[in-house]
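So for the sequence shown, the working numbering puts the first residue at 101; every next one is plus one.
Beta carbons are placed, not taken as given, at the ideal position from N, Cα and C, and that holds for glycine.
Just so it is clear, the structure is predicted and the values come from calculations on it, not from any experiment.
Beneath this line is the structure, given in structure tokens, with notes to follow.
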Amino acid sequence: MRDLLADHADAIAQTAEVLRIGFLHLPDCWADPEEALEEVRESLAEDRISRIAVEDGVVVGWVGGISQYDGHVWELHPLVVHPEWRGRGIGRALVADLEEQARARGGMTIYLGSDD
Numbered sequence: 101m102r103d104l105l106a107d108h109a110d111a112i113a114q115t116a117e118v119l120r121i122g123f124l125h126l127p128d129c130w131a132d133p134e135e136a137l138e139e140v141r142e143s144l145a146e147d148r149i150s151r152i153a154v155e156d157g158v159v160v161g162w163v164g165g166i167s168q169y170d171g172h173v174w175e176l177h178p179l180v181v182h183p184e185w186r187g188r189g190i191g192r193a194l195v196a197d198l199e200e201q202a203r204a205r206g207g208m209t210i211y212l213g214s215d216d
């Protein structure tokens, strides 16, 4: 796992594509490549965590966290693993990594909501 950084244009583009492909079964969720790219760019804000799973130089998963209550609470948003890489523990590893990242920033709680 590693940070997704604003100056890594290729990783940002790959992450947006993973998001788009990962939610194809929900056509109202990031089906448009530009919407997916905007979601990824928003995750690069200072009050957020944006971490990617990379295999052989290719982004295969992404997890994000949104800081709330001065960093003591984090919303897990989003979590996605490329369909071809599912079932290998990548999602579990991304969530564990987010837990570590939030804890290191003073986080005490992580929550997950769903409206899809």
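- The beta carbon of I112 sits closer than 6 Å to those of V140, all from its chain and outside the five residues before and after it, given in chain order.
- Counting of Cβ neighbours within 10 angstroms places R203 among the exposed residues, the total staying below 16.
- Counted as a single uninterrupted DSSP element, the stretch harbouring P183 is not any alpha helix (DSSP H), since DSSP gives it neither H nor E.
- In the three-state DSSP reduction, G122 falls in the helix class (H, G or I).
- For S167, the beta-bridge partners assigned by DSSP are W174.
- Looking at the DSSP output, G161 shares a beta bridge with A153 and V181.
- By the beta-carbon neighbour count (other beta carbons within 10 angstroms, threshold 16), A136 is buried.
- The shortest C-alpha to C-alpha distance from S150 to any of G122, M101, G213 and S214 is the one to M101.
- If you compare the alpha carbons of G171, P178, L124 and G161 with that of R188, the shortest gap goes to G161.
- For D132, the secondary structure class from DSSP, reduced to helix, strand or coil, is coil.
- Collapsing the DSSP output to three states places D103 in a strand.
- Cβ atoms of E175 and I166 come within 8 Å of each other, at about 4 Å.
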